[in-house]
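Here's the structure, in C-alpha coordinates; my notes come after.
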Amino acid sequence: MDEIDEILLQWYRYELAYRPVAGYAGGSCNEYRTSRQWMTDDEYDAEVTLAVDQLAALVVAPLVAALDIRLRIAVTTAVRNLYAGYTVWLNPQYPATQASDYSTAKRLLRPRLVMAGLLDR
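This is the structure in C-alpha coordinates:
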(Lines of atoms letter the chains of each structure in order from A and count residues from 1; the text may use other names and numbers.)
(Lines give C-alpha, C1' and ligand atoms only; values in the text may rest on other atoms or scores of the structure.)
Protein backbone atom coordinates (compact mmCIF):
# COMPACT_ATOMS: atom_id res chain seq x y z
CA MET A 1 0.00 0.00 0.00
CA ASP A 2 1.43 3.37 -1.00
CA GLU A 3 0.71 6.90 0.18
CA ILE A 4 -2.13 7.45 -2.31
CA ASP A 5 -3.82 4.29 -1.03
CA GLU A 6 -3.55 5.61 2.53
CA ILE A 7 -5.12 8.95 1.55
CA LEU A 8 -7.91 7.17 -0.32
CA LEU A 9 -8.49 4.98 2.75
CA GLN A 10 -8.85 8.11 4.90
CA TRP A 11 -11.43 9.39 2.42
CA TYR A 12 -13.28 6.07 2.42
CA ARG A 13 -13.32 5.78 6.24
CA TYR A 14 -14.81 9.26 6.47
CA GLU A 15 -17.40 8.47 3.80
CA LEU A 16 -18.42 5.38 5.78
CA ALA A 17 -18.73 7.36 9.01
CA TYR A 18 -20.82 10.15 7.48
CA ARG A 19 -24.41 10.13 8.66
CA PRO A 20 -26.77 12.79 7.31
CA VAL A 21 -28.73 14.73 9.89
CA ALA A 22 -32.47 14.60 9.54
CA GLY A 23 -34.18 17.80 10.48
CA TYR A 24 -33.07 21.33 11.09
CA ALA A 25 -30.02 22.30 13.12
CA GLY A 26 -30.75 25.53 14.95
CA GLY A 27 -28.21 28.34 15.01
CA SER A 28 -27.95 28.45 18.79
CA CYS A 29 -26.93 24.79 19.15
CA ASN A 30 -24.93 24.29 15.96
CA GLU A 31 -21.49 24.13 17.56
CA TYR A 32 -22.52 22.51 20.86
CA ARG A 33 -20.29 19.68 22.07
CA THR A 34 -20.39 17.70 25.25
CA SER A 35 -17.37 17.66 27.51
CA ARG A 36 -14.56 15.24 26.71
CA GLN A 37 -13.58 14.74 30.33
CA TRP A 38 -15.20 11.31 30.60
CA MET A 39 -13.93 10.00 27.26
CA THR A 40 -11.66 7.00 27.26
CA ASP A 41 -8.41 7.14 25.33
CA ASP A 42 -9.89 4.92 22.62
CA GLU A 43 -12.91 7.18 22.20
CA TYR A 44 -10.70 10.25 21.98
CA ASP A 45 -8.39 8.53 19.47
CA ALA A 46 -11.39 7.61 17.34
CA GLU A 47 -12.58 11.22 17.39
CA VAL A 48 -9.15 12.53 16.37
CA THR A 49 -8.84 9.92 13.62
CA LEU A 50 -12.26 10.91 12.26
CA ALA A 51 -11.24 14.61 12.28
CA VAL A 52 -8.04 13.83 10.33
CA ASP A 53 -9.98 11.65 7.90
CA GLN A 54 -12.50 14.46 7.42
CA LEU A 55 -9.77 16.93 6.44
CA ALA A 56 -8.46 14.53 3.80
CA ALA A 57 -11.97 13.61 2.64
CA LEU A 58 -12.94 17.22 2.01
CA VAL A 59 -10.04 17.49 -0.43
CA VAL A 60 -10.16 14.00 -1.95
CA ALA A 61 -13.93 13.72 -2.55
CA PRO A 62 -14.10 16.36 -5.32
CA LEU A 63 -10.94 14.96 -6.92
CA VAL A 64 -12.41 11.45 -7.09
CA ALA A 65 -15.75 12.83 -8.27
CA ALA A 66 -13.98 14.61 -11.15
CA LEU A 67 -12.62 11.30 -12.50
CA ASP A 68 -14.28 9.42 -15.32
CA ILE A 69 -16.96 6.96 -14.12
CA ARG A 70 -14.82 3.98 -15.08
CA LEU A 71 -11.96 5.26 -12.91
CA ARG A 72 -14.28 6.16 -10.02
CA ILE A 73 -15.62 2.61 -9.98
CA ALA A 74 -12.06 1.28 -9.99
CA VAL A 75 -11.06 3.56 -7.09
CA THR A 76 -14.09 2.65 -5.02
CA THR A 77 -13.65 -1.06 -5.62
CA ALA A 78 -9.94 -1.01 -4.79
CA VAL A 79 -10.39 1.07 -1.65
CA ARG A 80 -13.22 -1.13 -0.41
CA ASN A 81 -10.89 -4.12 -0.75
CA LEU A 82 -8.06 -2.26 1.00
CA TYR A 83 -10.43 -1.39 3.83
CA ALA A 84 -11.57 -5.01 4.13
CA GLY A 85 -8.00 -6.30 4.03
CA TYR A 86 -8.95 -8.92 1.47
CA THR A 87 -10.16 -9.01 -2.11
CA VAL A 88 -13.85 -9.20 -1.42
CA TRP A 89 -15.34 -6.70 -3.84
CA LEU A 90 -15.26 -7.04 -7.61
CA ASN A 91 -15.64 -4.28 -10.16
CA PRO A 92 -19.23 -4.74 -11.34
CA GLN A 93 -18.88 -3.16 -14.78
CA TYR A 94 -15.23 -3.48 -15.80
CA PRO A 95 -13.71 -6.44 -13.93
CA ALA A 96 -11.13 -7.18 -16.62
CA THR A 97 -9.54 -3.73 -16.44
CA GLN A 98 -9.81 -3.09 -12.67
CA ALA A 99 -6.06 -3.07 -12.01
CA SER A 100 -5.15 -0.87 -14.97
CA ASP A 101 -8.05 1.52 -14.30
CA TYR A 102 -7.02 1.88 -10.66
CA SER A 103 -3.39 2.56 -11.58
CA THR A 104 -4.55 5.14 -14.15
CA ALA A 105 -6.72 6.82 -11.53
CA LYS A 106 -3.82 6.94 -9.07
CA ARG A 107 -1.57 8.39 -11.77
CA LEU A 108 -4.15 11.11 -12.47
CA LEU A 109 -4.77 11.81 -8.78
CA ARG A 110 -1.11 12.14 -7.78
CA PRO A 111 -0.45 15.65 -9.19
CA ARG A 112 -3.80 16.87 -7.85
CA LEU A 113 -3.02 15.52 -4.38
CA VAL A 114 0.39 17.19 -4.51
CA MET A 115 -1.24 20.50 -5.44
CA ALA A 116 -3.72 20.07 -2.58
CA GLY A 117 -0.85 19.54 -0.14
CA LEU A 118 -1.73 15.95 0.80
CA LEU A 119 1.34 14.46 -0.90
CA ASP A 120 4.96 15.43 -1.19
CA ARG A 121 6.47 15.46 -4.63
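Using the numbering used here, you'd call the opening residue of the sequence shown number 282 and step up by one each time. For each residue, glycine too, the CB sits at the ideal point set by N, CA and C.
Quick one: residues in its chain with C-beta nearer than 8 angstroms to the C-beta of Val360, no 5 flanking neighbours on either side, listed in chain order?
-> Numbered from its first residue, the sequence shown carries residue 360 at position 79. Same-chain partners within the cutoff: Asp286, Leu289, Leu290, Trp292 and Tyr293.
Around the C-beta of Ala338, are 16 or more other C-beta atoms found within 10 angstroms, so that it is buried, or is it exposed?
-> In the sequence shown, residue 338 corresponds to position 57, counting from 1. Counting Cβ neighbours within 10 Å, Ala338 comes out buried, since at least 16 surround it.
Out of Val340, Trp319 and Thr385, state which residue places its alpha-carbon closest to the alpha-carbon of Ala355.
-> What you label residue 355 is simply residue 74 of the sequence shown in a count that begins at 1. The shortest Cα separation from Ala355 among Val340, Trp319 and Thr385 belongs to Thr385.
Every unbroken alpha helix (DSSP H) within the stretch 326-353, with a cutoff of 4 residues, ordered by chain = none
Cβ of Val340 within 8 angstroms of Cβ of Leu399?
-> Taking the sequence shown and counting its residues from 1, one reaches residue 340 at position 59. Taking the sequence shown and counting its residues from 1, one reaches residue 399 at position 118. Cβ atoms of Val340 and Leu399: closer than 8 angstroms.
When the distance is taken between beta carbons, is Arg351 closer than 8 angstroms to Val345?
-> Along the sequence shown, one-based indexing puts residue 345 at 64. Along the sequence shown, one-based indexing puts residue 351 at 70. Cβ atoms of Val345 and Arg351: not closer than 8 angstroms.
Classify Thr315 as buried or exposed, calling it buried when 16 or more other Cβ atoms lie within 10 Å of its own Cβ.
-> As a position in the sequence shown, residue 315 is number 34, starting the count at 1. By the 10 Å Cβ count, Thr315 comes out exposed.
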